[in-house]
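In the numbering used here, the protein residues as written are 246 to 361. Report on one structure; see the data block that follows.
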Amino acid sequence: QVQLVESGGGLVQPGGSLRLSCAALGSILSIRAMGWYRQAPGMQRELVALITDHGSTNYGESVKGRFTISRDNAKNTVYLQMNSLKPEDTAVYYCNVVNFRSTQYWGQGTQVTVSS
246 QVQLVESGGG
256 LVQPGGSLRL
266 SCAALGSILS
276 IRAMGWYRQA
286 PGMQRELVAL
296 ITDHGSTNYG
306 ESVKGRFTIS
316 RDNAKNTVYL
326 QMNSLKPEDT
336 AVYYCNVVNF
346 RSTQYWGQGT
356 QVTVSS
């Protein structure tokens with residue numbers, strides 16, 4: 246049984262920062278990539294950032310220069326540091342993990358609200 250445990254969401258003012266964490270628990274085999282997606286009301290789920298087992302990263306255009314993804318391979322944990330947050334960053338953020346068999350796992354989602 247695999248479980249992704251997310252934390253760190255909440256309410257923040259525009260220009261503020263938040264840090265999301267996601268720990269992959271259970272028998273997940275070797276992790277190829279870990280990442281974050283988000284979904285705002287009425288919108289499709291979109292890539293925020295991902296990081297491979299070798300440390301290569303990929304970011305969505307709207308978050309480049311503001312968000313930073315990192316991972317601790319020993320802890321099977323991925324982090325998302327979000328700076329200079331904007332109201333349009335408001336969404337439910339989902340952790341995603343893919344192993345070397347291309348099996349995907351999703352977290353339950355954590356709400357991020359950017360509002361004054």
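Backbone N, C-alpha and C fix where the C-beta goes; we use that ideal spot for every residue, glycine too.
Reduced DSSP category for residue i - H, G, I as helix; E, B as strand; rest coil
i      : result
ASN328 : coil
ASP317 : strand
SER266 : strand
SER307 : helix
C-alpha distance - residue i paired with residue j, whole-angstrom precision
i      : j      : result
GLN356 : SER275 : 28 Å
SER361 : PHE345 : 42 Å
GLY254 : ARG264 : 7 Å
LYS309 : SER301 : 14 Å
Buried or exposed (CB count within 10 angstroms, at least 16 for buried), residue i
i      : result
ALA319 : exposed
ASP334 : buried
MET279 : buried
Cutoff 6 Å; reference residue i; Cβ partners in own chain excluding five residues on either side
i      : result
VAL337 : GLN284, GLY354 and GLN356
LEU330 : VAL257, GLY261 and VAL359
7 Å Cβ shell around residue i - same chain, five flanking residues per side excluded
i      : result
GLY352 : LEU249, GLU251, CYS267, TYR339 and CYS340
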